[in-house]
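Asker: Residue numbers (full-length UniProt numbering): 1 to 204. No residue lacks a Cβ here, since even glycine has one placed at the ideal position from N, Cα and C.
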């Protein structure tokens with residue numbers, strides 16, 4: 001025994017992040033108090049507990065640790081970021097989801113349910129982007145926006161920490177649509193080579 005991590009509820013599912021480029025080994029823990037948490041090998045918690053609205057029965061990393069899939073008593077399989085932020089439902093099942101197994105190096109997930117059914121689902125990651133003259137913006141890791149200046153090739157990353165649905169670029173303004181709001185960003189200066197954006201407003 002190298003380390004013991006005590007949690008406040010039954011631990012029903014565990015998964016190690018397989019990405020070797022991560023600075024630390026990360027263990028995802030799904031507990032039956034409707035929570036998802038992450039820990040390093042030395043027992044240090046990574047971030048805060050993720051509050052779910054169901055008891056998780058399965059947690060598996062997807063696409064070499066870039067994402068994860070979760071499922072359980074909510075009768076759904078959900079695609080989430082590697083930090084646990086939910087992005088989109090993969091499928092809705094007829095009973096509890098006991099297992100969701102991604103196919104290595106491919107965008108398929110096999111789902112096993114309490115009623116004995118096994119189904120296979122393909123995930124299609126569509127391109128979300130916007131272009132205005134020499135400024136190109138596109139979605140990265142489903143929750144980030146990358147803005148690229150096509151002349152200077154400079155890039156800027158904006159972390160939205162939520163599922164990016166649409167992007168629009170017009171003159172000095174960038175608009176990012178999230179599930180519950182639209183965030184408007186403006187350039188700090190009206191300069192054709194300026195690459196610093198600041199948040200202007202949020203539209204609910």
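Within 10 Å of its beta-carbon, does residue 44 have 16 or more other beta-carbons around it, so buried, or fewer, so exposed?
Answerer: Taking the first residue of the chain shown as 1, we reach residue 44 at position 44. So residue 44 counts as exposed.
Asker: Using only CA atoms, which one of 38, 49, 112, 85 lies nearest to residue 73?
Answerer: Translated into the one-based positions of the chain shown, residue 73 becomes position 73. Nearest option by C-alpha distance: 112.
Asker: Using the beta-carbon count (16 or more within 10 Å), is residue 39 buried or exposed?
Answerer: Locating residue 39 in the chain shown gives position 39, counting from the first residue. By the neighbour-count rule (16 or more Cβ atoms within 10 Å), residue 39 is buried.
Asker: Identify whether residue 160 lies in helix, strand or coil by the three-state DSSP scheme.
Answerer: Taking the first residue of the chain shown as 1, we reach residue 160 at position 160. Coil at residue 160, not helix or strand.
Asker: Applying the criterion that 16 or more other CB atoms from any shown protein chain within 10 Å of the CB defines a buried residue, is residue 209 buried or exposed?
Answerer: The chain is shown from 1 up to 204; residue 209 falls before or after that span and cannot be answered.
Asker: If the criterion is Cβ atoms closer than 9 Å, does the pair residue 128 and residue 167 meet it?
Answerer: Here residue 128 refers to the residue found at position 128 of the chain shown. Here residue 167 refers to the residue found at position 167 of the chain shown. It is a contact, given that the beta carbons lie within the stated cut-off.
Asker: Does DSSP classify residue 11 as helix, strand or coil?
Answerer: Counted from its first residue, the chain shown places residue 11 at position 11. Looking at residue 11 - three-state DSSP - the assignment turns out to be strand.
Asker: Of the residues 149, 37, 62, which one's Cα is nearest the Cα of residue 51?
Answerer: As a working note, residue 51 is residue 51 in the chain shown. That would be 37, whose Cα lies nearest to the Cα of residue 51.
Asker: Taking a contact to mean a Cβ-Cβ separation below 9 Å, would you say residue 70 touches residue 141 in this structure?
Answerer: To locate residue 70, count along the chain shown from 1; it is residue 70. To locate residue 141, count along the chain shown from 1; it is residue 141. For residue 70 and residue 141, no; Cβs fall outside 9 Å.
Asker: What is the DSSP secondary structure of residue 100, reduced to helix, strand or coil?
Answerer: As a first step, residue 100 is located in the chain shown; it is residue number 100 there, counting from the start. Strand at residue 100.
Asker: Starting from the C-beta of residue 165, find all residues in its chain whose C-beta is less than 8 Å away, skip the five residues before and the five after it, and write them out in chain order.
Answerer: The sequence position of residue 165 within the chain shown is 165, counting from 1. 128, 177, 178, 179.
Asker: Residues in the same chain with beta-carbon distance under 7 Å from residue 64, minus the five sequence neighbours each way, listed in chain order, please.
Answerer: The count along the chain shown starts at 1 and reaches residue 64 at position 64. Excluding residues within five positions, the ones whose Cβ falls inside 7 Å are 18, 19.
Asker: In this structure, how does DSSP classify residue 24 when only helix, strand and coil are distinguished?
Answerer: Within the chain shown, numbered from 1, the residue matching residue 24 stands at position 24. Correct three-state label for residue 24: coil.
Asker: Buried or exposed for residue 191, going by 16 or more other Cβ atoms inside 10 Å?
Answerer: Numbered from 1 along the chain shown, position 191 holds the residue referred to as residue 191. By the neighbour-count rule (16 or more Cβ atoms within 10 Å), residue 191 is not buried but exposed.
Asker: Helix or strand or just coil, what does DSSP make of residue 16?
Answerer: For the purposes of this step, residue 16 is identified with residue 16 of the chain shown, where counting begins at 1. If DSSP states are grouped into helix, strand and coil, residue 16 belongs with the strands.
Asker: Taking the alpha-carbon of residue 169 as reference, which of 110, 131, 97 has the nearest alpha-carbon?
Answerer: Counting from one through the chain shown, the residue named residue 169 turns up at place 169. The shortest Cα separation from residue 169 among 110, 131, 97 belongs to 131.
Asker: Could you give the residue range of the beta strand (DSSP E) that holds residue 85?
Answerer: The count along the chain shown starts at 1 and reaches residue 85 at position 85. Element bounds for residue 85: n/a, residue is neither H nor E.
Asker: Taking the DSSP output, what are the residues bridged to residue 35?
Answerer: As a working mapping, residue 35 is identified with position 35 in the chain shown. Its beta-bridge partners are 31, 51.
Asker: From 11, 194, 49, pick the residue whose C-alpha is nearest to that of residue 155; which is it?
Answerer: Mapped onto the chain shown, residue 155 falls at position 155. That would be 194, whose Cα lies nearest to the Cα of residue 155.
Asker: Going by beta-carbon coordinates alone, are residue 135 and residue 149 separated by less than 9 Å?
Answerer: Walking along the chain shown from the start, residue 135 turns up at place 135. Walking along the chain shown from the start, residue 149 turns up at place 149. Yes, these two residues count as a Cβ contact at 9 Å.
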